[in-house]
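All remarks here apply to the structure that follows.
There are 2 protein chains.
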Amino acid sequence: MTYIKKTFFKSILLFFVVCWSSSAQKDYKLWLQYNKVDNDNLKTEYLSNIKEIVSLGKSETSQIAFTELQSALDEMLGKKFENKSITTGDHNIIIGSKESLAPEIQKEIGNFDQINDEGFIIKSISIKNKKQLVITGKTDIGVLYGVYSFLRLMQTNKSIQNLNITDAPKTNIRILNHWDNLDRTVERGYAGFSLWNWQKLPDFIDQRYIDYARANASIGINGTVLTNVNANALILTPQYLEKVEALSNVFRPYGIKVYLTARFSAPIEIGGLKTADPKDAQVINWWKNKAKEIYKRIPDFGGFLVKANSEGQPGPQNYNRDHVDGANMLADAVAPFGGVIMWRAFVYSEHDANDRAKQAYAEFVPYDGKFKDNVIVQVKNGAIDFQPREPFHPMFGAMPKTPLMMEFQITQEYLGFSTHLVFLPKLFQEVLESDTYQKGKGTTVAKVIDGSLNKTKLTGIAGVSNIGNDLNWTGHPFAQANWYGFGRLAWNPYLDSETIADEWLRCTFSNDENFIKPVKQMMMQSREAVVNYMTPLGLHHIMDTGHHYGPGPWVSNLSRPEWNPVYYHKADKNGIGFDRSKTGTNATAQYAPEVEKMFDNLETCPEKDLLWFHHVSWDYKLKNGQTLWNGLALKYQEGVNQVAAMQNIWNKTQKYVDEERFKEVQMLLEIQHKEAKWWRDACLLYFQQYSKKELPLGVEKPTQSLDYFKSLKFPFAPGN
Amino acid sequence: MTYIKKTFFKSILLFFVVCWSSSAQKDYKLWLQYNKVDNDNLKTEYLSNIKEIVSLGKSETSQIAFTELQSALDEMLGKKFENKSITTGDHNIIIGSKESLAPEIQKEIGNFDQINDEGFIIKSISIKNKKQLVITGKTDIGVLYGVYSFLRLMQTNKSIQNLNITDAPKTNIRILNHWDNLDRTVERGYAGFSLWNWQKLPDFIDQRYIDYARANASIGINGTVLTNVNANALILTPQYLEKVEALSNVFRPYGIKVYLTARFSAPIEIGGLKTADPKDAQVINWWKNKAKEIYKRIPDFGGFLVKANSEGQPGPQNYNRDHVDGANMLADAVAPFGGVIMWRAFVYSEHDANDRAKQAYAEFVPYDGKFKDNVIVQVKNGAIDFQPREPFHPMFGAMPKTPLMMEFQITQEYLGFSTHLVFLPKLFQEVLESDTYQKGKGTTVAKVIDGSLNKTKLTGIAGVSNIGNDLNWTGHPFAQANWYGFGRLAWNPYLDSETIADEWLRCTFSNDENFIKPVKQMMMQSREAVVNYMTPLGLHHIMDTGHHYGPGPWVSNLSRPEWNPVYYHKADKNGIGFDRSKTGTNATAQYAPEVEKMFDNLETCPEKDLLWFHHVSWDYKLKNGQTLWNGLALKYQEGVNQVAAMQNIWNKTQKYVDEERFKEVQMLLEIQHKEAKWWRDACLLYFQQYSKKELPLGVEKPTQSLDYFKSLKFPFAPGN
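Protein sequences appear in the order of chains A and B.
Going by numbering that gives the first Met the number 0, 476 is the number at position 477 of the first sequence; the sequence numbering is gapless.
Going by numbering that gives the first Met the number 0, 593 is the number at position 594 of the second sequence; the sequence numbering is gapless.
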């Protein structure tokens with residue numbers, strides 16, 4: 000063992016000893032590597048189609064668009080273009096917003112109405128028989144998005160001839176939720192600590208703030224909530240607002256608005272009031288003035304994200320008011336300035352142990368149509384809490400008169416932290432494609448989110464950030480793909496996750512097909528792998544207490560019933576699973592009839608959701624003919640095998656990847672494989688106590704006892 | 000204001016928008032930039048003197064030495080040398096330990112006895128009329144140190160012809176103390192959070208661990224205490240020792256030993272014993288077995304650093320035993336394996352409010368000669384606590400039969416965190432040069448520390464680390480110089496701080512004299528500046544409560560008298576200062592007679608230490624003819640002016656420094672200037688209440704009221 004470790008380290012040393020000057024950087028540069036184009040034909044095509052750059056805008060955003068284009072082309076083609084203010088000759092790239100374009104060019108571009116204010120058009124045109132490539136939009140931000148989109152073509156080695164691309168984001172608010180505390184710890188953060196260095200702000204602007212804005216702009220993210228939903232009211236005091244203002248000044252030219260979390264009891268804590276009752280005149284006034292104060296500093300402040308009456312957070316119910324009272328009161332405060340209130344639907348009562356999955360729907364659906372126009376209700380993708388797999392949240396489609404925004408979790412609270420490689424866009428896509436049937440077949444969650452289903456004006460997608468101050472931003476090099484993929488899906492919820500994986504790999508590593516093909520496959524199967532080795536067949540929330548790292552199906556001693564894994568798997572001698580069908584809690588009734596019927600019936604319920612909706616006997620026959628017990632055990636084994644397969648794929652990529660990132664991923668996959676076995680052994684040993692059955696052939700014998708697994712403690716697990 | 004800010008940000012944006020690919024890296028590379036040699040003559044000299052590299056060693060350390068040399072020469076000279084195993088032709092660089100050298104080469108090198116095991120010899124020799132440059136030592140680590148020393152010659156553009164350099168460290172233990180907690184917060188850490196990612200260890204080896212080891216090896220640091228002196232016993236459990244072992248495997252080839260802090264009550268907390276009494280057989284046995292367990296994993300484990308019976312930490316006194324009992328018990332446990340115990344002398348009683356400055360001496364000096372051979376007592380540079388200026392600690396020289404090691408604080412707990420530019424080697428040098436007179440004139444602190452005074456076998460210097468996971472390691476680019484300077488002084492306590500500044504600047508930024516001269520001057524005056532604007536004329540410990548950031552001379556409400564600034568400055572209508580002379584606490588009696596006399600007498604007491612030793616009337620005439628009040632006020636003003644002068648110097652360096660580091664330092668100096676004024680105004684307004692005198696001419700009027708300064712709160716100040 001020790002010997003193995005020694006040689007293992009030796010090999011690392013030989014690789015890493017002096018490579019910091021290049022590699023550390025690669026990790027940091029995310030998907031904006033702008034690798035040299037080494038395909039000569041392609042390079043020739045690119046150079047022959049780019050003679051000059053003509054940048055017409057004058058704003059900071061326009062300057063960013065030009066410098067981005069200039070430096071990217073310099074890195075990819077080894078040619079540094081100057082900024083020509085007037086067009087001479089042909090094959091220029093002309094970048095500028097609609098009104099900056101000469102009339103004859105505008106005419107060639109055609110109809111700008113097909114895009115919204117953030118959209119762009121990339122079009123090869125011919126003016127006086129001279130070919131030109133125009134990147135334009137209605138606004139400078141649109142142009143910037145267009146530039147990043149154009150550069151992505153080159154990063155992925157696509158042709159740039161005869162382009163005619165029209166694209167625009169399908170949602171208004173594409174936003175990161177940072178669960179960052181003022182002490183720089185990050186709730187559920189696994190990539191170091193908060194980027195926001197409050198002590199040195201406002202006067203010290205860390206380069207990372209700019210790099211962060213740049214990375215987000217490159218994928219179309221246009222908002223960021225700087226602070227934790229479990230909010231501290233101090234962020235709303237002048238001492239901190241001055242710092243927030245400084246960040247907003249950095250982000251603004253990149254098209255990113257700053258938002259804050261509002262602690263509902265702030266009027267008491269920092270306002271000196273006796274109450275935070277949303278109907279109290281002083282409280283209403285306090286919030287109005289607070290909004291004025293903020294908008295005086297930050298004219299384009301986005302608004303507030305609120306977690307109220309959830310998990311002990313204060314809220315309107317403390318004053319016998321309801322969510323509508325609370326949200327609308329805040330909405331009135333920010334409305335004069337164009338601000339929005341993102342009100343979270345993640346609530347579950349301390350007094351109702353019946354079925355936590357039903358409570359958000361039960362509490363919110365009756366409010367449909369009662370919220371002000373600038374309120375949007377933020378709903379997690381599933382009814383419980385960011386599990387490896389959950390059926391789509393029944394609220395989607397159930398509140399036709401209320402804007403609902405999606406809340407995805409990019410950070411992997413329940414999916415192995417930043418240690419496990421899990422490509423989340425596959426999960427996101429599964430949710431967005433789910434058919435709610437709320438207006439008949441084909442009314443997918445995506446159509447609810449982008450507003451097309453109910454003609455909703457205010458739309459959005461939020462992602463709980465996985466970003467920290469680790470050198471590589473996200474802890475795991477492949478977790479960068481989850482940040483990237485979230486941004487791309489927020490821009491277009493109909494994108495295919497495989498396309499996203501392909502884009503990201505090419506931009507981040509290499510365009511070599513021998514690398515792309517297998518590694519893309521590895522990414523695409525990674526999400527099913529984690530479901531299999533953690534929570535197969537619809538199991539959920541059986542992670543260990545608090546930190547949620549590793550298995551804890553045996554946990555049953557927590558004060559609130561719905562905090563205990565046993566509440567969710569309900570394993571007993573008869574079987575396993577949570578009966579949410581008619582015979583159980585009837586949570587299925589919260590879905591549209593077609594979906595309700597499908598989930599309700601053991602025969603039609605997809606096996607991937609089986610134990611989510613049904614308590615099933617150990618001997619129940621699965622579609623593959625296996626008993627439930629054997630099928631469950633084989634699923635756990637399959638998850639372990641899938642991770643082994645991922646390792647085999649990655650171990651063959653050495654010649655396509657820099658030493659450091661290759662080693663990093665290799666080490667992390669090794670840990671993931673070890674921990675997949677841990678999950679398999681701990682869960683099967685525990686459930687076996689109830690099934691009283693042998694492990695089927697093909698499932699490896701556990702190497703440790705159940706007591707050993709129960710004894711494992713992680714006192715300083717991050718993000719907890 | 001807002002407008003100014005806007006344009007300020009604009010300028011930043013234009014600079015930084017796309018430069019991450021190069022600049023972030025420069026910050027990260029510390030003093031190992033290996034900039035291209037652009038002086039052609041020099042480059043020619045270097046190339047003509049380096050034809051080949053012949054590396055004779057086979058160990059990991061030898062491989063590191065070669066690859067370091069190879070990559071550095073590649074970066075500096077643009078030529079990639081191969082590793083020749085045999086010497087052909089002339090002008091080779093031959094690197095290898097003594098026994099790896101051919102006899103005729105050994106003969107040419109001469110006497111190896113002039114160096115110790117970590118020393119090196121760099122010598123230009125001639126073998127069969129062929130010139131060769133040999134870098135050798137008794138061990139491979141010595142050779143590695145030699146390689147770094149040789150590369151430093153080139154980094155600082157020195158000639159490499161006819162070299163004959165013999166160098167060896169003057170202390171055994173050159174060690175960093177990381178006050179890192181297991182949750183990755185760092186006590187008194189201002190550069191982000193702990194480098195040690197305990198969750199991903201042992202199987203994930205962060206590149207930073209290797210880069211950290213490399214940076215330390217390049218300046219001769221050979222030990223690191225991974226954990227906080229306010230220790231958590233969990234670090235001694237197998238779960239964590241496995242992780243510590245992984246780190247030790249990374250650090251070993253760089254000549255760095257791992258040490259841990261031992262919580263004295265660990266036998267109770269993790270051993271299940273009822274007591275931690277150092278005379279208890281079970282306790283003695285528990286520590287013996289714990290040592291065995293550790294050394295089984297880490298054969299070269301360095302030993303334990305212990306903070307006992309200090310600031311609430313457990314220790315032998317809890318069992319009516321003394322420091323000797325505690326230290327020797329642990330010493331016995333690690334002695335069989337060659338381990339050492341570093342026992343801290345930083346103690347002050349909760350029950351003796353008389354004079355905290357006297358207590359460590361009073362408690363420890365009686366134990367002189369009573370500690371086991373493998374115990375070394377770690378003494379802070381001054382008798383209070385890492386102030387901007389303190390007289391040298393009276394314990395130095397007062398325990399001739401006991402090894403004493405120095406504890407410097409590299410992290411700037413009381414010196415403006417990582418926001419203020421303060422070149423600490425100037426402070427360190429001042430302490431090391433102080434004459435204790437314990438064996439007559441010239442018995443400096445340095446001679447105590449390097450063991451030459453009392454022929455001490457075990458010697459060492461510890462530095463409380465300023466390293467965190469910030470991209471630039473230390474928060475402030477110039478704080479890197481304090482890490483560097485600490486290492487250089489630990490190697491040779493007689494080095495001049497100006498030489499260190501010169502080396503560091505050349506290695507880190509540029510060799511251009513137009514840059515070096517003024518910036519070196521800026522560094523050299525920076526320490527006196529902070530003394531002036533924070534605690535001039537011997538004032539001390541008047542920082543605000545807990546976080547120690549900013550002024551708090553008014554604080555008087557803390558539970559223990561010696562925690563309150565008023566305890567230290569004792570300002571009243573008669574004057575200001577702590578009377579530690581015969582007429583006061585008689586702390587001066589703890590020094591040798593010559594020093595005692597000097598400090599005791601108001602006339603001979605250096606004015607820089609005046610208020611440390613004397614309570615002086617506001618009208619007292621200073622040597623410059625000013626009254627104490629006017630002189631004090633003018634000192635505060637001088638500090639502010641000195642920071643302004645530092646800004647003027649830095650603002651002229653733009654053309655010698657990369658954009659990012661230039662801007663970083665510029666922004667930080669701006670904050671430092673603002674905060675120097677804050678210190679001046681707050682302290683003078685406060686003291687003015689007692690002096691009842693006007694501010695003299697030349698001192699700017701305060702812009703805020705004393706109440707305003709008192710009202711400032713820093714709820715989430717880092718490191719607290």
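Glycine residues also receive a C-beta, built at the ideal position from the N, C-alpha and C atoms.
Between the alpha carbons of A/F300 and A/N248, how many angstroms are there, rounded?
Taking the first residue of the first sequence as 1, we reach residue 300 of chain A at position 301. Taking the first residue of the first sequence as 1, we reach residue 248 of chain A at position 249. Answer to the nearest angstrom: the Cα atoms are 11 Å apart.
Express the C-alpha separation of B/D26 and B/Q479 in angstroms, rounding to a whole number.
Numbered from 1 along the second sequence, position 480 holds the residue referred to as residue 479 of chain B. Numbered from 1 along the second sequence, position 27 holds the residue referred to as residue 26 of chain B. Roughly 9 Å separates the two Cα atoms.
Taking DSSP as the reference, what is the three-state secondary structure of B/N453?
Counted from its first residue, the second sequence places residue 453 of chain B at position 454. Assignment of B/N453 by DSSP, reduced to helix, strand and coil, places it in the coil class.
Alpha carbon to alpha carbon, what distance is there between B/K438 and B/C604?
Looking up residue 604 of chain B in the second sequence gives position 605. Looking up residue 438 of chain B in the second sequence gives position 439. B/C604 and B/K438 have their C-alpha atoms roughly 21 Å apart.
Beta bridge counterpart(s) of B/I124 as assigned by DSSP
Taking the second sequence and counting its residues from 1, the one referred to as residue 124 of chain B is at position 125. Answer is B/Q131.
Residues within the segment 190 to 201 of chain A neighbouring chain B, beta-carbon criterion of under 7 Å:
G191, F192, W197, Q198, K199
Those residues which DSSP pairs with A/I461 across a bridge:
In the first sequence, residue 461 of chain A corresponds to position 462, counting from 1. Reading off the sequence shown, one finds Ala at residue 461 of chain A, where the question assumed Ile. In DSSP, A/A461 forms a bridge with A/I174, A/E406.
I want to know whether the segment 571 to 582 of chain B touches the segment 609 to 629 of chain B - three or more CB-CB distances under 8 Å.
Yes, the segment 571 to 582 of chain B is in contact with the segment 609 to 629 of chain B.
According to DSSP, is A/N34 helix, strand or coil?
The count along the first sequence starts at 1 and reaches residue 34 of chain A at position 35. Assignment of A/N34 by DSSP, reduced to helix, strand and coil, places it in the coil class.
Checking contacts by CB at 8 Å: is A/N468 closer than that to chain B?
Stepping through the first sequence from its first residue, residue 468 of chain A is reached at position 469. Answer yes: the Cβ-Cβ gap between A/N468 and chain B drops below 8 Å somewhere.
Output, in chain order, the set of chain B residues within a Cβ distance shorter than 8 Å of A/R262.
Position 263 of the first sequence, counted from the start, is the residue given in the question as residue 262 of chain A. Chain B residues near A/R262: none, gap ~14 Å exceeds 8 Å.
Taking B/M666 as the query, report the chain A residues whose CB atoms sit under 7 Å from its CB, ordered along the chain.
Here residue 666 of chain B corresponds to residue number 667 of the second sequence, with the count starting at 1. Correct list: D202, F203, I204.
Cβ shell of A/G486 (< 6 Å), same chain only, five flanking positions each side left out
Numbered from its first residue, the first sequence carries residue 486 of chain A at position 487. So the list reads I218, G219, I220, once near-sequence residues are dropped.
Nearest by alpha-carbon distance to B/N647: which of B/K634, B/F661, B/D657 is it?
Here residue 647 of chain B refers to the residue found at position 648 when the second sequence is read from its first residue. Ranking the options by Cα distance to B/N647, first place goes to B/F661.
Does the Cβ-Cβ distance between B/L668 and B/L420 come in under 8 Å?
Stepping through the second sequence from its first residue, residue 668 of chain B is reached at position 669. Stepping through the second sequence from its first residue, residue 420 of chain B is reached at position 421. Taking 8 Å as the Cβ cut-off, B/L668 and B/L420 qualify as a contacting pair.
Along the chain, which unbroken stretches of the alpha helix (DSSP H) at least 4 residues long are found entirely within the segment 337 to 421 of chain A?
358 to 363
With A/E51 as the anchor, note down where its alpha helix (DSSP H) starts and where it stops.
As a first step, residue 51 of chain A is located in the first sequence; it is residue number 52 there, counting from the start. In the DSSP assignment, A/E51 falls outside any alpha helix (DSSP H) and lies within the beta strand (DSSP E) extending over 51 to 54.
Out of B/Y548, B/W342, B/V529, which has the shortest C-alpha to C-alpha gap to B/V642?
Working through the second sequence from its first residue, we reach residue 642 of chain B at position 643. That would be B/V529, whose Cα lies nearest to the Cα of B/V642.
Please report the residue range of the beta strand (DSSP E) in which B/D166 lies.
The residue you call residue 166 of chain B lines up with position 167 of the second sequence. From DSSP, the beta strand (DSSP E) with B/D166 extends over 163 to 166.
Got a sec: which bits of the segment 172 to 186 of chain B sit with their beta carbon under 7 Å from any beta carbon on chain A, in order along the chain?
L181, D182
Would you please verify whether the beta carbon of B/R720 is less than 8 Å from any beta carbon of chain A?
In the structure displayed, chain B extends from 0 to 719; residue 720 of chain B sits before or after that span and is not available.
Does any residue of chain B have a CB that is nearer than 8 Å to the CB of A/F715?
For the purposes of this step, residue 715 of chain A is taken as the residue at position 716 of the first sequence. So, interface residue.
Note down, in chain order, each residue of its chain lying with its Cβ closer than 8 Å to the Cβ of B/F192, except the 5 sequence neighbours on either side.
Translated into positions along the second sequence, residue 192 of chain B becomes position 193. Same-chain partners within the cutoff: R183, T184, V185, G467, N468.
In whole angstroms, what is the alpha-carbon distance linking B/S20 and A/S70?
Your numbering for residue 20 of chain B matches position 21 in the second sequence. Your numbering for residue 70 of chain A matches position 71 in the first sequence. Note that B/S20 scores a pLDDT of 44, beneath 50, so its modelled location is shaky and nothing firm can be said.
Can you give the beta carbon distance from B/W678 to B/M533, rounded, assuming they're within the 8 Å contact cut?
For the purposes of this step, residue 678 of chain B is taken as residue 679 along the second sequence, with counting starting at 1. For the purposes of this step, residue 533 of chain B is taken as residue 534 along the second sequence, with counting starting at 1. Between B/M533 and B/W678 the Cβ distance is about 5 Å, and since that is below 8 Å, they are a contact.
Taking 8 Å as the cut-off, decide whether the C-beta atoms of A/W611 and A/K692 are in contact.
Position 612 of the first sequence, counted from the start, is the residue given in the question as residue 611 of chain A. Position 693 of the first sequence, counted from the start, is the residue given in the question as residue 692 of chain A. No. Outside cutoff.
Can you look up A/L259 in the DSSP assignment and give me helix, strand or coil?
Against the first sequence, residue 259 of chain A aligns to sequence position 260. Strand at A/L259.
Could you name the residues of the same chain whose beta carbon sits closer than 7 Å to that of B/Q703, not counting the 5 residues immediately before and after it, in chain order?
By 1-based counting over the second sequence, the position of residue 703 of chain B is 704. The residues are D680.
Does the Cβ of A/T587 have 16 or more other Cβ atoms within 10 Å, making it buried, or fewer, making it exposed?
For this step, residue 587 of chain A is matched to residue 588 along the first sequence. Label assigned to A/T587: buried.
Between which two residues does the beta strand (DSSP E) harbouring A/L504 extend?
Counting from 1 along the first sequence, the entry for residue 504 of chain A is found at position 505. Taken as a continuous stretch (DSSP letters only), A/L504 belongs to no beta strand (DSSP E), being part of the alpha helix (DSSP H) at 496 to 507.
So A/E659 contacts chain B; which residues on that side make the cut at Cβ distance below 8 Å?
Translated into the one-based positions of the first sequence, residue 659 of chain A becomes position 660. Near A/E659 (Cβ distances below 8 Å), the residues of chain B are Q206.
Assuming A/N48 is part of the alpha helix (DSSP H), what are its boundary residues?
Counting from 1 along the first sequence, the entry for residue 48 of chain A is found at position 49. A/N48 -> alpha helix (DSSP H) spans 39 to 48.
Would you call B/G368 buried or exposed, if buried means 16 or more other Cβ atoms sit within 10 Å of its Cβ?
Indexing the second sequence from 1 puts residue 368 of chain B at position 369. Looking at its Cβ environment, which holds fewer than 16 other Cβ atoms inside 10 Å, B/G368 is exposed.
For A/I218, which residues in chain B fall below 9 Å Cβ to Cβ?
Walking along the first sequence from the start, residue 218 of chain A turns up at place 219. Here the premise fails: no neighbours, minimum Cβ distance about 16 Å.
Let's test the definition: count the other Cβ atoms within 10 Å of the Cβ of B/P335 and tell me whether it reaches 16, buried, or not, exposed.
Translated into the one-based positions of the second sequence, residue 335 of chain B becomes position 336. Answer is exposed; the Cβ neighbour count stays below 16.
Please classify B/V616: does DSSP put it in a helix, a strand, or coil?
The residue labelled residue 616 of chain B in the question sits at position 617 within the second sequence. Here residue 616 of chain B turns out to be Ser, not Val, going by the sequence shown. If DSSP states are grouped into helix, strand and coil, B/S616 belongs with the strands.
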